[in-house]
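Q: Per full-length UniProt numbering, the sequence shown runs over residues 1 to 188.
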Amino acid sequence: MKTVTVLVGSERKGSINLALARAIEKLAAGRMKFKFIPLGDLPMYNDDLWATPPASVVAFKEVIAQSEAILFVTPEYNRTIPPLLANAISWASKPYGKNVWVGKPVAITGTTPGALGTAVAQSHLRYVATVLDMIVLGQPEVYFQMKPGLIDENADVTDETTKAFLQAFVDKFDAFLDRVALPVAETA
Ligand code: FNR
């Protein structure tokens, strides 16, 4: 069983990105165990805080360092990555020389009610992930336009075509991890 750290770029109770992440979790059941890590406890990034690193930052970096794989599920804010996620990414990339994203296999998706399905934010996130030396799943790209009822309260995808599309994403992510995931000790 693979363990996947899931980072959702929204803390909203009714987050559609959390709903998408839960639906993917259900489609991956039996093959991947998802660990959802909240990002809202992290302070706003400030280099000065490294003098006495906040416990939430130390814990978050440790979680990322120990992660076998990462799934980003991002909203799009003003056509880019939301600050919650950008902040978390910055913390785990620093201080200089202690970037714990290096070598982490990651998949990226996200959802919005908008027609572009977070394509622009995901594109920015792919770029940042590559710069930080993560290993990014290229295909399939999942630009997910949320519609009312498309994912129900049980985290089931109600449209069969959409469900098959998400299942293909899970299958490709699973196969990608078979190819690229290293034992955690080798990436730390
Ligand atoms: C948005 N939203 C949005 N949607 C989009 O498709 N492209 C965008 O550029 C933006 N920009 C944007 C900026 C800000 C500040 C907010 C608060 C929202 C709408 C966004 O997709 C919507 O609020 C989602 O519901 C956010 O995701 P969660 O919180 O439901 O997961």
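Don't be surprised by glycine CBs; every beta carbon is placed ideally from N, CA and C.
Keep in mind the model is a prediction, meaning the values are calculated, not measured.
(1) Do Ala19 and Ile151 come within 8 Å of each other at the CB atom, strictly closer than that value?
(2) Out of Pro183, Val131, Pro95 and Gly114, which has the shortest C-alpha to C-alpha gap to Tyr45?
(3) Among Thr111, Pro53 and Ala69, which one has its Cα closest to the Cα of Arg79?
(4) What alpha helix (DSSP H) runs, 4 residues minimum, are completely inside the UniProt domain "NADPH-dependent FMN reductase-like" (4-145)?
(5) Are there any heavy atoms of ligand 1 lying less than 7 Å away from the beta-carbon of residue 252, as far as the coordinates show?
(6) With the cut-off set at 8 Å, would you say Ile16 and Leu166 are in Cβ contact?
(7) Does ligand 1 have a heavy atom nearer than 7 Å to the CB of Ile64?
(8) Is it buried or exposed for Gly40, if we count other Cβ within 10 angstroms and need 16 for buried?
(9) Output the distance between the C-alpha atoms of Glu11 and Ala21, rounded to the nearest integer angstrom.
A: The relevant details are as follows:
(1) Against a cut-off of 8 Å, the Cβ pair of Ala19 and Ile151 comes out as a contact.
(2) Pro95
(3) Thr111
(4) 16-27, 55-66, 83-93 and 119-131
(5) Outside the modelled stretch of the chain, which goes from 1 to 188, sits residue 252, for which no answer is possible.
(6) no
(7) Checking every heavy atom of ligand 1 against the Cβ of Ile64, none is found closer than 7 Å.
(8) exposed
(9) 13 Å
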